[in-house]
Amino acid sequence: MPTITIDGKLMEFEQGQSILDVATENEIEIPQYCYHPSLSVVASCRICLAEVWGPNPRNNNKLEPMPKLLPTCQTPAGDGQVVYTTSPKATANQKSVMELLLNHHPIDCPTCDQAGECSLQDYAYEYGRGERRCDTEKITQSKKDVGDNIMLYGDRCIMCTRCVRFAEEVTGTAELYISGRGVKEEIDVFPGMGINNELSGNVIDLCPVGALLDKDFMFQQRVWLLKTTPSIDPLTSSGDNINIEHNNNKVYRVKPRTNLDINQYWITDEVRYGWKFIHDEFRVVTSDDDTELHAADILQKATRIAILVSPMITCEDAWLLGQLIRSIDANAIIGIGPIPIVGED
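In this text, residue positions in the sequence shown follow the numbering used here: the first is 19, and each later residue adds one.
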């Protein structure tokens, strides 16, 4: 099996893997903005550039450096390669990229909802220069309402184009596009269109900064106060893997949990926003001893059994419950609660 050395660590890889993929599999962090494993590779952010040495077949396979730093997200791993992601050249590039991004980025961290889970913020601490050498004006763009659930803060955008590629390659709806060129580039939606497809909320998760924000979650809670509980979505039959984020016994948002065999990296908007009923003021969340005793008394006197099944339980659980009830009363009545139908199944 071919091998590659990254930052002094020898590791095996499969043909076709990029250097970044191999590094990630082996828990070596390489900064990245534009890359996502399910989207096409554009290598536009340039912060993942690294120093790569490889055997030269024209010189008896002697290890020689590539003439330039290479984007690890786009460069295939090669047998015998040696990669340095923390060398002086690689580090200088990381600092330069961060300096250019921060030069125009607004200082919104105290009020930005992305604070605490922002890649730009994290990389500024880890890879930033710590000083500003260019006195240029900050980019100012008005915020835009670009969908039922999404607000766009264009002046925070770093043009990673993840959202544009997602709309083109995953949903196929292509509501987003890049307008302008050079320093005047910006993300926008086509006139008369909004990001309202069934997977629209995933562009919020994809955005590495605070450019695309969830209207439902905005200004509700600081992310470092949230606790995360892994769970399975009960609203759809696919059993999407989700993370429930909550604080003080209140759920604030639901996000996808990666499972490549089921929901991959995504969840539908039905899953993302369909949990609000759990905080309904009319929902019974406590038990009452007198009520339970009264119900037990009624059951003991009853000659027939009827059961109301929640539409939220799985098919397997519903079947087992039906088997249990029918084993007690073969003529038991089994009903199901109301199921709201919205759109196509």
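Note that the Cβ used here is the ideal one computed from N, Cα and C, for glycine as well.
- Runs of the alpha helix (DSSP H) spanning 4 or more residues and lying entirely within the region 124-153 occur at 137-145, in chain order.
- Taking C-beta separations shorter than 6 Å and ignoring five residues to either side along the sequence, the partners of E186 in its chain run A192, following chain order.
- For the set T276, W284, Q239, the Cα lying nearest the Cα of E263 is the one of Q239.
- Nearest to Y143 by C-alpha distance, out of G165, N167, D131, E117, is E117.
- A residue is called buried when at least 16 other Cβ atoms come within 10 angstroms of its Cβ; W284 meets this threshold and is buried.
- Ranked by Cα distance from C91, the first of Q99, C130, Q50 is Q50.
- When DSSP states are grouped into helix, strand and coil, L278 belongs to the coil group.
- Counting the other Cβ atoms within 10 Å of the Cβ of N215 gives 16 or more, which makes it buried.
- According to DSSP, M29 shares a beta bridge with I22.
- Of all C-beta pairs linking the region 172-181 to the region 48-66, three or more are shorter than 8 Å, placing the two stretches in contact.
- For A95, the three-state secondary structure derived from DSSP is coil.
- In this model, E43 and D140 are separated by some 21 Å (Cα to Cα).
- Among the bridge pairs identified by DSSP, L120 is matched with none.
- The region 61-68 and the region 103-111 touch, with three or more beta-carbon pairs separated by less than 8 Å.
- Counting every other CB atom within 10 Å of its CB across the protein chains shown gives P274 a total of 16 or more, marking it as buried.
- Sequence-distant partners of R271 (beyond 5 residues in either direction) whose C-beta falls short of 6 Å from its own C-beta, in its chain, are F235, E263.
- Taking C-beta separations shorter than 6 Å and ignoring five residues to either side along the sequence, the partners of V327 in its chain run A336, I354, following chain order.
- The residues Y53, C91, Q92, in chain order, have a CB closer than 7 Å to that of V59 in the same chain once the five nearest residues on each side in sequence are set aside.
- Burial is judged here by how many other beta carbons sit within 10 angstroms of a residue's own beta carbon; S249 has fewer than 16 and is exposed.
- Contact between S56 and Q282 holds: CB atoms are separated by about 6 Å, below the 8 Å threshold.
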